[in-house]
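Notes for the one structure printed next.
Protein chains: 4
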Amino acid sequence: MMNGQQYKDSLRKLHPIVYCNGRKIESVVDDPMTAPHVNSAALTYELAFDPEYEDLMTATSHFTGKKINRFTHVHQSTEDLVKKVKMMRMIGQKTGTCFQRCVGFDALNASYITTYKIDKKYGTDYHERLKKYMQYVQETDIMVAGSMTDPKGDRSKKPSQQADPDLFVHVVERREDGIVVRGAKAHQTGMVNSHEMLILPTTNLGPEDKDYAVAAAIPVDAPGVIHIFGRQTNENRRLEGDIDCGNAEYAIVGGETLTVLNDVFVPWDRVFMCGEYDLAQEFVETFASYHRQNYGGCKVGVADVIIGAAASMAEYNGCPKASHIKDKLVEMVHLAESMHCCSIACSAMGHKTEAGSYYVDTLLANTVKLNCTKTMYEISRLAHDIAGGFIATLPYEADYRSEVCHGYIDKYFAGDARFPTEDRIRMARLLENMTGGTALAESMHGAGSPQAMRVMIQRETNWEQKKNFAKRLAKIKTGD
Amino acid sequence: MMNGQQYKDSLRKLHPIVYCNGRKIESVVDDPMTAPHVNSAALTYELAFDPEYEDLMTATSHFTGKKINRFTHVHQSTEDLVKKVKMMRMIGQKTGTCFQRCVGFDALNASYITTYKIDKKYGTDYHERLKKYMQYVQETDIMVAGSMTDPKGDRSKKPSQQADPDLFVHVVERREDGIVVRGAKAHQTGMVNSHEMLILPTTNLGPEDKDYAVAAAIPVDAPGVIHIFGRQTNENRRLEGDIDCGNAEYAIVGGETLTVLNDVFVPWDRVFMCGEYDLAQEFVETFASYHRQNYGGCKVGVADVIIGAAASMAEYNGCPKASHIKDKLVEMVHLAESMHCCSIACSAMGHKTEAGSYYVDTLLANTVKLNCTKTMYEISRLAHDIAGGFIATLPYEADYRSEVCHGYIDKYFAGDARFPTEDRIRMARLLENMTGGTALAESMHGAGSPQAMRVMIQRETNWEQKKNFAKRLAKIKTGD
Amino acid sequence: MMNGQQYKDSLRKLHPIVYCNGRKIESVVDDPMTAPHVNSAALTYELAFDPEYEDLMTATSHFTGKKINRFTHVHQSTEDLVKKVKMMRMIGQKTGTCFQRCVGFDALNASYITTYKIDKKYGTDYHERLKKYMQYVQETDIMVAGSMTDPKGDRSKKPSQQADPDLFVHVVERREDGIVVRGAKAHQTGMVNSHEMLILPTTNLGPEDKDYAVAAAIPVDAPGVIHIFGRQTNENRRLEGDIDCGNAEYAIVGGETLTVLNDVFVPWDRVFMCGEYDLAQEFVETFASYHRQNYGGCKVGVADVIIGAAASMAEYNGCPKASHIKDKLVEMVHLAESMHCCSIACSAMGHKTEAGSYYVDTLLANTVKLNCTKTMYEISRLAHDIAGGFIATLPYEADYRSEVCHGYIDKYFAGDARFPTEDRIRMARLLENMTGGTALAESMHGAGSPQAMRVMIQRETNWEQKKNFAKRLAKIKTGD
Amino acid sequence: MMNGQQYKDSLRKLHPIVYCNGRKIESVVDDPMTAPHVNSAALTYELAFDPEYEDLMTATSHFTGKKINRFTHVHQSTEDLVKKVKMMRMIGQKTGTCFQRCVGFDALNASYITTYKIDKKYGTDYHERLKKYMQYVQETDIMVAGSMTDPKGDRSKKPSQQADPDLFVHVVERREDGIVVRGAKAHQTGMVNSHEMLILPTTNLGPEDKDYAVAAAIPVDAPGVIHIFGRQTNENRRLEGDIDCGNAEYAIVGGETLTVLNDVFVPWDRVFMCGEYDLAQEFVETFASYHRQNYGGCKVGVADVIIGAAASMAEYNGCPKASHIKDKLVEMVHLAESMHCCSIACSAMGHKTEAGSYYVDTLLANTVKLNCTKTMYEISRLAHDIAGGFIATLPYEADYRSEVCHGYIDKYFAGDARFPTEDRIRMARLLENMTGGTALAESMHGAGSPQAMRVMIQRETNWEQKKNFAKRLAKIKTGD
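Chains as they are written, first to last, in my numbering: chain C, 1 to 480; chain L, 481 to 960; chain B, 961 to 1440; chain V, 1441 to 1920.
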């Protein structure tokens, strides 16, 4: 296992091409725009060495019996699934943002299940390849970016029907030693500070989309790979100081990229699906269900911070005992814990797969994320209500630090006199950045659109059974 | 263990005094007003003999090692807690209503924990008494009504401050062989078809309320006990036939009573608290938390029936494929499963108590019920939206059965011609009775008011921890 | 104008055939099952003679210049539209339920507009016929049941595609002196205590549905007309006394019927549409928009009663000052007034039609009803939350009046000792009946399904304009 | 009346001291950080000369009979109140953001009513002074910043109890020629591009707070006045280009300041309250009610833009006809129109004041803003749901404009091929900036906290009347 420093050092040895705001980033570890994202991910390494969190952060490899970072583990029990959720909540409480590493974790576990199924149906050997790759991942403790979402173009069309065939990643050449892929992956969380990416198909496919059925592991600095870094709300404030950015050390959300794959070569031992289009949908859903499980972990950790910030603001404002403030804080806790319950339940109700690993209850995993797409907005709304108008019109950090304005701001933005004004401003800035713009929009997405989850719920619900429950009580002769 | 028939036979041997609608009920098993409630409870006996449900419905006594009905079990693991939830959902799907027996189940388990604590603090022997009583309950498989809620009078006053001292049950005499209690218990679910009741205190008490700190087991037909049966929405329709009542066999909700205790004698071996006022609050909350756990079981079973009825109505109306109908049905499933997740999670996250039994996570148990107080209304609203205006203006069963009107009703209330009109009417009546009046109001209450839960969430949340999560990220020097 | 007594006397002269619960109702004024509905409607007559309400309750006929009951008026200004809403709220506050007479009011006003359009397109003389009929209505002050909703059968099929051609009312014979119609009208509010009904088409029609395009006025006791009275929640309680029914004098909801038209003859001077299928949709929507306008009047009046009942219950329970109770009451007021605002706004933003009368803003009229379908559920939920578990398990009126039980109930259902227990029970029963079952389901329907309103909002919104607002700001070259 | 250019020219003649991001702003018209706010306000001048909007944008002075800009008008009828709402919606549709000028408009109208009352009670001559001042405002068409909100410090304390006496503006000296005031005003919308400010008290006051009861007009560049400009979400993006800022011409929200008043002198003819503490609360509420009226105008205009952007995004994404997309868009319209209805209704139900001007219905004005504090969040949530993950991870404008990345971004962020990728990015950026961070938080505040509105609803509701509605129906003898 690597610790945080070793992780950072290992990233320095890679040379991905990353563009950001019109320039090239030379070192993702050291560049101020990417460093906070590196810091978040580094915590997933560092905490594995903290005795307090050993049980959550590490696991025993079922391949080798060795102690490994849980983020590289194949779930061996429902207890493992529950620990994943608790681990994520705990890290979320420390970072107040995305720590990115779950995406690869889920992609690997989804591949573990799906490659087994492909092999069973087609006699291929993807599962063995994957097992070898995973042992390599466990051994080296590298960070793998789970890489699913294609740009998609016109949403009403299949990959092969798009005006531009590259709007979904596809195989453009099959060679003796491997394949060549072309296209791009969008919204790639944690990509620039990962070592490799594991690309997966992103939608259900028909026979005409055969070339789009591709899963493979690719180094982030492989020839032909180009990353364009996404922009976040207020992201440039981190260049100015440590107040206005709100969360100076860990930034906001996951540092997403558009990652372009310009005819990238992948050797066969890193290819885990190639052409088996009829299992693409299953690949997508297995990944998505594992990923939806997470939100009642990480997002609840984030919510814990927002709730704490709102409770602190109430204190600074001098009104922590007002009954309507207490009611709102309780409502926030209630909403957060309800999300958490869904993740715990989809884990505790998980089951063993044919491949031997453990998988979540998919119906319940969908409830997690559907709640999240509403709950995080509601929690943000309540936080704004508690924090007061203050949060929308705070002055600049530069003015707060300037000789001429500091005194005025310090004097007039005081709250309860027992607390320094700077604390009140810092807390408001944290809240501002955690409850607006990108942070909110991101709550909506990730792991598929809400509508995708509704479709899945519709498919997975046993409607006939529910109708029969009703027909029996209504005394309708059903014949069954 | 008794089966359903044995349970009914055993009730016939008791002679409780029960008033209902101005008359006395001679046999709760045979009287049409109480029989449907007996039927629901009987299912908790009958299903214990069904091999399909053996794992959920039965357990192994930790006292005797014998197989017992789960409703008499002391939880020995988080698995037991999860099975309780699943058992309740399953029975709810079959009855579409309350089957009552969980109240005593929870009262016994709460007593198991609390008597242990009282003894530890005061050197009393309540826990041993309770263990003997529980072995008797397990052996005889009797149904015990959990009996907590006092009438309460003026909600702003403590028991000893009330204008009438009897508005909370209290000890009026301490004798060598036992105690004499006076007062009443309100909203007593399943009381008339139980064998005994287990009374518990209902609120936190001060030294001046000492006499109100009483827990004891009392036969439902003990001298001095009088039951006045509560009224439900449309309850008299069951006297007319089997259509308009909606759920002919199992009625709606739990058949509650006002149970008056007119100086009732209780021997000491059935007394489990007497004067230890400072543990009253703990008694209440232990019971309430176990009871809040249930709602993501039984209510979700009920919701499964409502969802099935709504899905059936859409089919009868000819519009099962309309996208807005599908969206609403999916939303209903989503809401129901979210409630279920909370119950599963508070069970899976349970822990072992000092007394050796297992107890739920109380913070999460509160989220169950708080969700329920909103969700069941929302599910009902969606069901009405799907079912159409039809449900509000259906004609009488008597007209449907009359020579002159039957033809008109059958002709004009037809939907999709492939289904009999009677089926459509039956389903609408089931839905009407499950989603209105008493059924809805009952979703709000039981296991304490929503406000009580909010207070408990406020108390159980670690606010300092949450504030510290935020302070660290906001770079506020906290000294810790 | 008739007063309340004259209205009742006039009804006694009619002889409609009405079936209810397996028997024939001889006098709707005197039968206990229909009398409360007559009482509600009678108030629309009686209050017209109350000087306090003269401005709201009466208007000046634009035909004759005479003072008339507003319920027979053709709206002459937006002020008239606003007064309609205020009048309805005021009567709703007095009845706590539907007073039925708005349906005919809206049907007449919708006919006034639509007949003008038919004549303009087809050179017919329906508008003149209608004007004569309306002068007759104003002169005699009769109550006209607006009669739109057909049974509809399979919702996915047009009238002419139904398995049974009678599932929508249609013309079966065209004679020299008039037409013969067959079919039924469902959910007919106020029908049995009206003098005549004004039937309208219920859906958009194609050329093949020509015979279904029919509007006509028919006496409620015309040969061939049969009424089957619908059942309401707990409606039989009114036979027992005046407590358990909750609202003894005015019942709950509108006393709906299934009204069968068995080859009923209508003379030409009472026919206002016959075959002009392409204007059916317009007829429906004009009626529906007028009718949706009402809900922010009558339903808000009803909500005022529910809020008052909840506030009273809080007082009886001893907790009127608890901050969470006050918050809930305020939320109820907020929700009710928001509905009211929508009705006022759709009235104030109304406009003059080609026919010279005033019509509501239809987009805003839809918001009224869509809010209502959610708000009344939310208000009911909050009322249950405030009232407490009490409401779900109250004993029977017969027991409360019995010698043996009265004392117990009076003693144990006492709240704050300053108020009689009977008052507390009466208020809880009022609340029970206003917030459950039929009362709630009826909030969902009437004036078309929520989905119908969404469709109308979609059609009436100027999407291109909204997109252009955005395109201009986003600096997108639009060419316009 | 000034037009837009004249307005800008007039601002150039003023010399307010404005600090922003560590530097001094020399010209608010020309500085890129303030110019977009000037542009928004300039539209309130420019549109007054557009014949299409003459009826909404101008009015006839009741002082002089001259045509004036409506923003300087004293409302003379409910029609004036309705036109104010419609004018604001219209301008909001054009700017997509706050145009600031309503604050002074409301402050002037509130002063018109309140000075009349002060004079009546105390025999002062504030009303005459104000009338003269208003004629000056109408004549010169200057922009007056309504200046109410004090910093407030510890929210649990009155002004005179604060640790620092300056946390509310107060009179520090009374001279023969005028008064001297000290303190600050926070969240001052439109302040830097106004000509003068009209300060008002911000809370209810007791006798000990007498010096805090002060209302007065002060030039923005009076000696002793210092402005510190507030920071907005992503506000620096406007320095980079015109894509990433979303709304290049008009920015986001109102350009708020902390305005410090360092012993500022005000001559008596500009003082409109000085010491009459018992009317402070009335001043606050009159202003607040006028201001709450606005939100169903301006915010609905803003919502129209958001809805248009979401509808456009759906089109660009290739899914404008998906039924779940249509449902969400309809829901957005429904929510926006409901807010609008509340503003229209509180205007149409306005009444004449003793001073002769027209005032809104205050209960209904509160419903406007309370809806807004929820609705804008819900509309934003739905917009994010429709727009897709895209919005959270878009690349930088600099990369889009760079040679190396432009092609990739243009290729891979294409949607429906009929639309340019740049349009899709522009629309997403507009949506991002209108639905996050400051924009959302600002929906919560302005015109007082939501809790302040709830308190006002509680006070203004006639609870006894509502209880009596219920008591009569429940047959409770009330004695009245």
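Yeah, the Cβ is synthetic: ideal placement off N, Cα and C, and Gly gets one too.
- Within the region 1754-1771 of chain V, the residues whose Cβ lies closer than 8 Å to any Cβ of chain L are, in chain order, 1763, 1764 and 1767.
- With a minimum length of 3 residues, the unbroken runs of beta strand (DSSP E) contained wholly in the region 1004-1039 of chain B fall at 1018-1020 and 1027-1029.
- Looking at L:686, L:904 and L:939, the one whose alpha-carbon comes closest to that of residue 798 of chain L is L:904.
- Our two residues, residue 633 of chain L and residue 1358 of chain B, have alpha carbons roughly 22 Å apart in a direct line.
- In the displayed model, residue 1597 of chain V falls within coil according to three-state DSSP, outside both helix and strand.
- Against residue 1898 of chain V, the close residues of chain B are 1286 and 1290, in the order they occur along the chain (beta-carbon pairs closer than 7 Å).
- Proximity of residue 1849 of chain V to chain C, defined by a Cβ-Cβ separation below 8 Å, is satisfied.
- By the Cβ-count criterion, residue 1869 of chain V is buried, with 16 or more other Cβ atoms from all chains shown falling within 10 Å of its own Cβ.
- Counting only residues of its own chain and dropping the five nearest sequence neighbours on each side, residue 281 of chain C has a CB closer than 8 Å to the CB of 203, 204 and 205.
- Given a length threshold of 4 residues, the region 699-725 of chain L has no whole run of the alpha helix (DSSP H) inside it.
- When C-beta distances to chain V are compared with 7 Å, the residues of the region 1043-1067 of chain B below that value are 1053 and 1056, in chain order.
- For residue 718 of chain L, the closest alpha carbon among the candidates L:492, L:950, L:517 and L:956 is that of L:517.
- It is roughly 19 Å from the alpha-carbon of residue 1550 of chain V to the alpha-carbon of residue 1627 of chain V.
- Exposed is the label assigned to residue 1167 of chain B, since fewer than 16 other Cβ atoms lie within 10 Å of its Cβ.
- Chain order gives the chain B residues near residue 1752 of chain V as 1427, 1430 and 1431, where near means a beta carbon separation below 7 Å.
- The alpha-carbon separation between residue 931 of chain L and residue 1369 of chain B amounts to approximately 26 Å.
- A straight-line Cα-Cα distance of about 43 Å links residue 1514 of chain V and residue 376 of chain C.
- By the C-beta density criterion, residue 691 of chain L is buried, having at least 16 other C-beta atoms within 10 angstroms.
- The beta-carbon of residue 1305 of chain B is placed less than 8 Å from the nearest beta-carbon of chain V.
- Residue 1037 of chain B counts as exposed, since fewer than 16 other C-beta atoms from the protein chains shown sit within 10 angstroms of its C-beta.
- DSSP links residue 737 of chain L through a beta bridge to L:709.
- For residue 1559 of chain V, none of the residues of chain C pass the 7 Å Cβ criterion, the least Cβ distance being about 32 Å.
- Per the C-alpha coordinates, the member of L:754, L:629, L:756 and L:801 positioned closest to residue 740 of chain L is L:629.
- Closest option to residue 1856 of chain V, judged by alpha-carbon separation, among V:1686, V:1542 and V:1760: V:1760.
- Neighbours of residue 1293 of chain B across chain L, judged by C-beta separation under 9 Å, do not exist; the nearest C-beta is about 19 Å away.
- Contact between residue 872 of chain L and residue 1213 of chain B holds: their C-beta atoms lie close to 7 Å from each other, under 8 Å.
- For residue 829 of chain L, the chain C residues whose Cβ falls inside 8 Å of its Cβ are 344, in order along the chain.
- Nearest CB-CB separation between residue 1216 of chain B and chain L: below the 8 Å threshold.
- Of all C-beta pairs linking the region 640-649 of chain L to the region 575-595 of chain L, fewer than three are shorter than 8 Å, placing the two stretches out of contact.
- Within the same chain, Cβ atoms closer than 7 Å to the Cβ of residue 568 of chain L are found at 582, 774, 777, 778 and 781, the five residues on either side in sequence being excluded.
- In the structure shown, the three-state DSSP call for residue 494 of chain L is coil.
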